[in-house]
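This report concerns only the one structure given below.
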Amino acid sequence: MAISSQPTVLAQSNDAYINVGVTGRLQNLVRQTGAVSINPTNGSFIRIANPVGAVTVTFTGVPSGYGTRWQVEVANRGANAVAFNGVTWDGGSAPTIASGTNKSVLVFYSPDGGTTIYGRLEFATLA
Numbered sequence: 025m026a027i028s029s030q031p032t033v034l035a036q037s038n039d040a041y042i043n044v045g046v047t048g049r050l051q052n053l054v055r056q057t058g059a060v061s062i063n064p065t066n067g068s069f070i071r072i073a074n075p076v077g078a079v080t081v082t083f084t085g086v087p088s089g090y091g092t093r094w095q096v097e098v099a100n101r102g103a104n105a106v107a108f109n110g111v112t113w114d115g116g117s118a119p120t121i122a123s124g125t126n127k128s129v130l131v132f133y134s135p136d137g138g139t140t141i142y143g144r145l146e147f148a149t150l151a
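Quick note on numbering: the sequence shown equals residues 25 to 151 in the numbering used here.
Below, the structure written as structure tokens:
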């Protein structure tokens, strides 16, 4: 039996959408209050920091045709509530987000362009 050192080259599969994804850059939303629309295609790392009142997030512009994943960090929210509209939560209910000066990281996934958005808590309380 001969052993070959020639690498095997894998062909691109358009069915797997190898070349498609959400841009990996930061959207930094500081001192927000009220209704906030977030488009994950503007950056798949979203930071909501120092809200000055209750914030309700709605995701818009989620790409269709393939699964899209993004994450949101909520930092330094004090006692201000941060809620997410239209999300089906892992475990059935929205998680508790860190208060005070701590932060939480949440992960969201949509298989269908935002019609369905799943969410879960990745990190509950980071100092």
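Positions of the beta carbon are idealized from the N, C-alpha and C atoms, including for glycine.
Proximity of residue i and residue j at Cβ, strictly below 8 Å
i: residue 106; j: residue 143; result: no
i: residue 91; j: residue 135; result: yes
i: residue 132; j: residue 141; result: yes
i: residue 60; j: residue 86; result: no
Residue i versus residue j: straight-line alpha-carbon distance, rounded
i: residue 46; j: residue 58; result: Reliability of the predicted coordinates at residue 46 is poor, the pLDDT of 49 falling under 50, and no value is obtained from them.
i: residue 76; j: residue 63; result: 21 Å
i: residue 72; j: residue 116; result: 23 Å
i: residue 138; j: residue 124; result: 31 Å
i: residue 50; j: residue 66; result: 8 Å
Neighbourhood of residue i by C-beta distance below 7 Å, restricted to the same chain and skipping five residues each side
i: residue 126; result: 149, 150, 151
i: residue 74; result: 54, 55, 100
Contact set for residue i: own chain, Cβ-Cβ below 6 Å, skip 5 residues either direction
i: residue 145; result: 119, 130
i: residue 96; result: 70, 130
i: residue 41; result: Since pLDDT at residue 41 reaches only 42, below the 50 mark, its modelled position is unreliable, and the value read off the structure follows with that caveat. Contacts found: 90.
Collapsed DSSP secondary structure at residue i in the structure displayed
i: residue 39; result: Only weak support exists for where residue 39 lies, its pLDDT of 44 falling under 50; the value from the coordinates is given anyway. It is helical.
i: residue 150; result: strand
i: residue 66; result: helix
i: residue 52; result: strand
Proximity to residue i [Cα-Cα], best of the options
i: residue 98; options: 87, 79, 85; result: 79
i: residue 121; options: 102, 87, 137, 65; result: 102
C-beta neighbour in chain C for residue i, strict 8 Å
i: residue 127; result: Protein chain content of the structure displayed is limited to a single chain, and chain C is not contained in it.
Closer than 7 Å: residue i CB and nearest the ligand FAD heavy atom
i: residue 56; result: Among the components modelled here there is no ligand, and therefore nothing to report on the ligand FAD.
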